[in-house]
Structure formats: structure tokens, C-alpha cells
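In this note's numbering, the protein residues as written are 88 to 276.
Glycine is no exception: its CB is placed at the ideal position from the N, C-alpha and C atoms.
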Amino acid sequence: MTNEKKGVRLTTAMITTIALAVVINYVGGQLALLLRLPIYLDSIGTILCACLFGPVIGMLPPLVSGLIMAFTGDIYSLYFAPVGMILGLMTGFVMRRGKHGKARIILDALVVTLPGTIVCSIINAAVFGGVTSSGSSLLVQLLAHTPLGLTGSIFAVQILTDYADRLISLLLVQAVLKVPAIRKMAGNG
88 MTNEKKGVRL
98 TTAMITTIAL
108 AVVINYVGGQ
118 LALLLRLPIY
128 LDSIGTILCA
138 CLFGPVIGML
148 PPLVSGLIMA
158 FTGDIYSLYF
168 APVGMILGLM
178 TGFVMRRGKH
188 GKARIILDAL
198 VVTLPGTIVC
208 SIINAAVFGG
218 VTSSGSSLLV
228 QLLAHTPLGL
238 TGSIFAVQIL
248 TDYADRLISL
258 LLVQAVLKVP
268 AIRKMAGNG
């Protein structure tokens with residue numbers, strides 16, 4: 088499949104990796120919900136796709152999973168699909184720069200986190216009033232009664248939890264990308 092205007096050509100490896108990324112995102116997200124973790128673990132697959140194939144392909148797993156989840160009973164996940172797409176886009180741009188050491192990954196995690204966190208905070212405040220199924224909702228409700236208010240509380244909690252989530256996800260993906268077969272699949276090894 089080729090998009091002549093953009094020059095993006097989906098290969099079999101890309102399509103299967105996107106499908107795998109959707110599953111990884113789903114399983115990670117469900118595990119975080121089950122354990123009531125204050126992080127989400129639902130973007131590991133997105134980050135993997137973005138690191139392997141770049142920003143455009145990195146946007147596809149959250150779009151596909153948002154649509155699947157919306158059609159199978161969780162319409163609210165569709166509201167947050169743009170956040171994942173922004174994450175895939177930013178990760179693809181940031182990780183294209185080359186090798187990333189542990190010190191650099193700390194800054195990279197912040198760069199890929201911030202745009203999505205801003206959008207996520209707005210969605211969370213406007214649509215959900217700060218109450219979602221995430222383990223971080225409890226922290227939001229506690230801080231909402233401080234001078235930060237609801238939106239400030241959502242952003243404060245969101246930036247902390249998103250950053251921790253993205254840093255953990257980037258470190259996991261970085262470890263996976265050291266596997267020669269994975270690099271070869273992406274044409275990088």
C-alpha cells in the first residue's frame with residue numbers, strides 16, 4: 088500500500104508490527120489498570136513502532152487501538168487516541184536522531200511527554216472532570232482541593248505520571264531494540 092503524496096509505503100513487517108503494538112499497548116494498559124498503577128503502560132507498542140519506523144507509522148497503533156476499543160465497548164479510549172498519536176509522532180522525530188544513552192533518554196522522555204500531556208490534561212478536564220479509570224485519578228481528586236484547582240491538578244499529576252510512564256517505556260523499548268533480529272526487521276541492522 089503506497090501513499091503517493093507522502094511516499095509512505097507500508098510493508099508486511101510494518102503492518103504486523105503495528106498489530107503487535109496494538110496488542111502490547113492493550114496488554115500493558117490492562118495490566119496497569121489491574122494493578123492500579125499510577126502509570127499507564129499503554130504506549131510501549133506505540134513507542135516501539137515510532138522507534139522502528141518513524142513518526143508517521145508511530146501514529147498508527149494508538150489510532151487503530153482507539154478505534155478497536157471504541158467499537159468493542161470502551162468509547163472513552165477514542166477520546167485519548169490523539170494523545171497516543173502525538174506521542175508516536177514526537178517519539179518518531181526524537182528517536183530518529185540516532186543513538187540514545189541513558190542520560191539522553193531522560194531528556195528525550197520529557198520531550199516526547201510534554202505535548203501529549205498538555206492535550207491529555209485538556210481532554211481529561213473538559214470531558215471527564217479529572218476522573219478516569221487510571222490509578223492517578225485518586226491523586227487528581229486529592230490535589231483538586233488545593234490552590235491548583237482541577238485543571239492544574241490534572242496537569243501536575245499527568246506530567247509526573249506520563250513522564251514516568253514514557254521513561255519506563257522508552258527504556259524497555261531501548262532494551263528490545265538491542266536485539267539484532269528486531270533491528271534487522273526494521274532495516275537498521
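Simplified DSSP state of residue i, which is helix, strand or coil
| i | result |
| --- | --- |
| L259 | helix |
| R191 | helix |
| P202 | helix |
| D161 | coil |
| T178 | helix |
| K271 | helix |
| R253 | helix |
| G216 | coil |
| F242 | helix |
| A266 | Reading the sequence as shown, one finds Val at residue 266 and not Ala. Three-state DSSP puts V266 in coil, outside helix and strand. |
| M88 | Residue placement at M88 cannot be trusted, given a pLDDT of 47 that sits under 50; what the coordinates show is reported in the next sentence. DSSP places M88 in coil when its eight states are reduced to three. |
Between the CA atoms of residue j and residue i - distance to the nearest angstrom
| i | j | result |
| --- | --- | --- |
| T178 | T233 | 33 Å |
| V214 | T103 | 33 Å |
| T248 | Y127 | 8 Å |
| S256 | D129 | 9 Å |
| V266 | L150 | 27 Å |
| V143 | M182 | 13 Å |
| L259 | T238 | 31 Å |
| N112 | F180 | 20 Å |
| Y166 | I210 | 7 Å |
| G217 | M156 | 21 Å |
| L229 | R123 | 16 Å |
| G236 | A212 | 11 Å |
| V109 | Q245 | 22 Å |
Bounding residues of the alpha helix (DSSP H) (the contiguous stretch that carries residue i)
| i | result |
| --- | --- |
| A231 | Where A231 is concerned, there is no enclosing alpha helix (DSSP H), given that its DSSP letter is neither H nor E. |
Residue from the options whose Cα sits closest to the Cα of residue i
| i | options | result |
| --- | --- | --- |
| P148 | T204, D252, C136 | C136 |
| Y250 | V181, G203, A106 | G203 |
| F140 | P267, L237, D195, G175 | G175 |
| G145 | I131, I210, F158 | I131 |
| C207 | I241, R183, Q228 | I241 |
| R184 | G116, I105, C138 | C138 |
| A243 | V227, D252, R253 | V227 |
| I134 | I269, A268, R253 | R253 |
| V199 | K189, V218, A190, V170 | V170 |
| I105 | S152, G116, L124 | S152 |
| G188 | I205, A268, M172, A262 | A262 |
Worksheet item: Can you give, in chain order, each stretch of the alpha helix (DSSP H) that sits fully within the segment 94-145 and has at least 4 residues?
Response: 99-121, 131-140, 142-145
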